[in-house]
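Engineer: Here this note's numbering is used: the first residue of the sequence shown is 2, the next is one more, and so on. Built from N, CA and C at the ideal position, the CB exists for glycine as well. Just so you know, these numbers come straight off a predicted model, no measurement behind them. Handing you a structure now.
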Amino acid sequence: MDRSGLVYGRIPIEQVSPVVHEGRRPATALPGEDIRVQATVFREGHDALGVSAVLFDPQGEVRQRVPMKLTAPGTDRYEGWLRPESVGDWSFEVEGWSDVFGTWHHDASIKLAVGQDVELMMDEGALVFERAAEETDRPEAQRRHFASVAEHLRDRSVPAGQRFAQATDRGILSAVEHQPIRALVTTSQRYPLRVERDEAGRGAWYEFFPRSEGAEWDPETGRWRSGTLVTAAERLDAVAGMGFDVIYLPPIHPIGVAHRKGPNNSLTPAPGDPGSPWAIGAAEGGHDTIHPDLGGFEEFDAFVARAEALGLEVAIDLALQASPDHPWVTEHPEWFTTRADGTIAYAENPPKKYQDIYPLNFDNDPEGLSLEVLRIVKLWMSHGVRIFRVDNPHTKPLWFWEWLLAEVHKVDPGVVFLAEAFTRPAMMQGLAKAGYQQSYSYFTWRNAKWELEEYLREISQETAGHYRPNFFVNTPDILTDYFVQGGRPAFKIRAALAATASPLWGMYAGYELYENVQRPGAEEANDNEKYQYRPRDFDAAEARGDSLAPYVRRLNQIRHEHPALLDLQNLILHNTDDDAVLCFSKTKTVQDDDGEHEDTLIVVVNTDPHAVRMANINLDLAALKLRPEDLGEDGTFAADDLLTGASWHWGEHVWVRLDPFYEPVHIVQVRRSR
């Protein structure tokens, strides 16, 4: 009988996740990250069903086989966790199987209780153990023990209840839980899982404009003198000192003169106004050139070397657009869109207009333009860049990104791309599935408790297999009303949320100085650094206690000390009775010099920057993986606040009071017995 064309195997397995495009694209993971695997598995009749998730290393060897548990009774939806340990192209599959021991144990328990088919059940149990005793992959001692159990079950001189008790004692149950007695094993398709380096999904980003770092006012000319890559490198010590992992630079290329923007996006620049770095291209060159005010490749290489010496990785902007002065405009006019009147279309995002920028058109000469972009990316890679923040990727076709990122992966699988894609969900998800390692996210506009809970649930449970959100708290383009109205408490709240909820977070320079003045009529900062120099005296602000830098430094220190914060799928929400108090936890099993233990943090946030909030919290103790020895006689555990140093004893029910003008956040470490 030919069953090769049938959809269903002996045990039906459906809706496996994480799976991207039915396995044509890989789901993604990080080394040591716990990956949630889910599947719908069911069978005919009432026999017991077992489900496992199996992890294969890049060589195709089985590295893990873990049991999957029902997510809720009656759902047929199973869940298990896998942990790949190293970078490479891994894979996984789901197994469904008939649980031979579980079926016999269930049936025998019921029938013995009512005296039905007693000896028949003993004989069937003997067959189960005889089967297991013949399995060559079991330890020899266990095989001998199972054979003796089978023999004992057939011994009618011993009461049936006693025989059953021996065949179901703690040792037997532990053995079959660790290695079940299986039949009718059915496997799903094997699905790809790409494990990428830590920087693809973990890290704290800091953004600054090199031209502002070291910029000086020249009283003789009445103009600003640009900072350079050399003066910008002097700021790297402070960035590293705050605990950041990535320093991101907006475009550092020559800036066009035609239609150059003045301060605050005005159309009337004054002499000496630097223009927007995103208006790329001038007589000096385009995307493969450095703005002469900043220096050249020698200075850039020195900047990268200094960053690396401080433990920072340099990310640069890949902004695929051009000013009217870009060499591409005259050399390759086919790479742009020509309007009915013969002019080249400039960028628009109504009501915003960017007359100083021409978007690219990938439909006229897709091969030529694509190869040029690949050349540019490889050029910057040759100068030590392995992270690219991509401007407006959602305005380019997905096929292009899928191709480009695959080509770059062939050269260096460790290159990371961050999508600056503030756009519709389908496109954001599409970019991630096409190969982007990270993305900007809707976190920027999720401020209320209910919004945050909804969003955290989505990114940790529904899309985490392919979409990694980078929680930037601000950007040169975005300064939300929450900061304007919430003042300094708002800056603390959002930084703490971003640094703890996501393994990736970022901030743009000036955040630590509480800059919150909006340009009238726009959701962005006034005197916007995109259009002018903005030198800042960070040291003086910190010296007078007027800087958030020490708080940011502590947040990043906590992140470095607690691996639980650097995973996404382990986020668990807990109930509170206040509509502004958010609570979540993260737990991760870690191995260190003291052995294996659980790292657990509980984060409680007052999302209201205007008022003291008090709340009762109902903690899910099972989700915290507390052991009996971690709890006192009263059922409480030791809780240490990593921000304030306070310690309490918390239990299932906790009361908190959070003052936004003192400390609106608890980051609590669960102290465990070693």
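Drop a sphere of 10 angstroms on the beta-carbon of Thr445, count the other beta-carbons inside from all chains shown, and report buried for 16 or more, exposed for fewer.
Structural biologist: buried
Engineer: Could you check where the beta strand (DSSP E) with Trp218 kicks off and where it finishes?
Structural biologist: 217-219
Engineer: Are the CB atoms of Ala465 and Gln570 within a distance shorter than 7 angstroms?
Structural biologist: yes
Engineer: Under the three-state reduction of DSSP, which class applies to Thr41: helix, strand or coil?
Structural biologist: Three-state result, Thr41: strand.
Engineer: Checking the sheet assignment: what are the DSSP bridge partners for Val655?
Structural biologist: Ile618
Engineer: Given a threshold of 16 other Cβ atoms within 10 Å of its Cβ, counted over all protein chains shown, does Gly46 qualify as buried or as exposed?
Structural biologist: exposed
Engineer: Terminal residues of the continuous alpha helix (DSSP H) containing Arg560?
Structural biologist: 550-562
Engineer: At what residues does the beta strand (DSSP E) containing Gln462 begin and finish?
Structural biologist: Here Gln462 belongs to no beta strand (DSSP E), and DSSP marks it neither H nor E.
Engineer: Can you say whether Ser277 is buried or exposed, counting buried as having 16 or more other CB atoms within 10 angstroms of its CB?
Structural biologist: buried
Engineer: For Val240, which three-state DSSP category applies?
Structural biologist: helix
Engineer: Here's a check: name, in chain order, each residue in its chain whose Cβ is nearer than 6 angstroms to the Cβ of Ala40, leaving out the five neighbours to either side.
Structural biologist: Ile14, Val17, Tyr79, Val95
Engineer: Shortest alpha-carbon distance to Ser371 belongs to which of Trp404, Asn350, Asn393, Pro394?
Structural biologist: Trp404
Engineer: In three-state terms, what does DSSP make of Leu322?
Structural biologist: Reading the sequence as shown, one finds Gln at residue 322 and not Leu. Of the three classes helix, strand and coil, the one that applies to Gln322 here is strand, per DSSP.
Engineer: Is the number of C-beta pairs between the region 53-70 and the region 81-93 that are closer than 8 angstroms three or more?
Structural biologist: By the criterion of at least three beta-carbon pairs nearer than 8 angstroms, the region 53-70 is in contact with the region 81-93.
Engineer: For the beta strand (DSSP E) that contains Leu121, what are its first and last residues?
Structural biologist: Careful: Leu121 lies outside any beta strand (DSSP E), inside the alpha helix (DSSP H) at 119-134.
Engineer: Identify the continuous beta strand (DSSP E) that holds Phe418 and give its terminal residues.
Structural biologist: 417-421
Engineer: For a quick check, are the C-beta atoms of Val417 and Glu200 less than 7 angstroms apart?
Structural biologist: yes
Engineer: Is it the case that the region 603-613 contacts the region 627-638, given that we only count it when at least three CB pairs across the two stretches are under 8 angstroms?
Structural biologist: Segments in contact, no.
Engineer: Exposed or buried, which one is Glu373 when buried takes at least 16 other CB atoms within 10 Å?
Structural biologist: The residue in question, Glu373, is buried, as its Cβ has 16 or more Cβ neighbours within 10 Å.
Engineer: Determine the extent of the alpha helix (DSSP H) in which Thr188 is found, giving its start and end residues.
Structural biologist: Not the alpha helix (DSSP H): Thr188 falls in the beta strand (DSSP E), residues 183-188.
Engineer: For Trp656, does the count of other Cβ atoms within 10 angstroms reach 16, so buried, or fall short, so exposed?
Structural biologist: exposed
Engineer: What's the C-alpha gap between Trp205 and Trp98?
Structural biologist: In the sequence as displayed, the identity of residue 205 is Ala instead of Trp. Rounded to whole angstroms, Ala205 to Trp98 spans 43 angstroms at the Cα level.
Engineer: With DSSP collapsed to three states, give me the class of Ser149.
Structural biologist: helix
Engineer: Should Ile668 and Ala624 be called a contact, given that it needs their Cβ atoms to be closer than 7 angstroms?
Structural biologist: no
Engineer: By Cβ distance, which residues of its chain are closer than 8 angstroms to Asp100, with the 5 residues on each side in sequence left out?
Structural biologist: Asp48, Ala49, Leu50, Gly51, Pro181, Ile182, Arg183.
Engineer: Which of the three DSSP states, helix, strand or coil, is assigned to Thr481?
Structural biologist: coil
Engineer: Taking C-alpha atoms, which residue in Phe363, Arg203, Val20 lies nearest to Pro193?
Structural biologist: Val20
Engineer: Helix, strand or coil for Ile377, going by three-state DSSP, please let me know.
Structural biologist: helix
Engineer: So, with DSSP's three-state summary, where would you put His22?
Structural biologist: helix
Engineer: Can you tell me which of Ala407, Asp3, Phe130 puts its alpha carbon nearest to the alpha carbon of His146?
Structural biologist: Of Ala407, Asp3, Phe130, the residue nearest in Cα terms is Phe130.
Engineer: With a threshold of 16 other CB atoms inside 10 Å of the CB of Leu174, please say whether the residue is buried or exposed.
Structural biologist: exposed
Engineer: What residue range is occupied by the uninterrupted beta strand (DSSP E) comprising Phe539?
Structural biologist: Run containing Phe539: none in the beta strand (DSSP E); it sits in the alpha helix (DSSP H), 539-544.
Engineer: Would you mind giving the Cβ-Cβ distance between Pro255 and Gly296, rounded to the nearest angstrom? I have them listed as a contact below 8 angstroms.
Structural biologist: Not quite, the Cβ-Cβ distance comes to about 12 angstroms (not below 8 angstroms), so this is no contact.
Engineer: Within this structure, are the beta carbons of Tyr534 and Glu208 separated by less than 7 angstroms?
Structural biologist: no
Engineer: Using 10 angstroms around the beta-carbon of Gly312, count the other beta-carbons present and answer buried if the total reaches 16, otherwise exposed.
Structural biologist: exposed
Engineer: When you compare the CB positions of Asp357 and His260, do they come within less than 7 angstroms of one another, or not?
Structural biologist: yes
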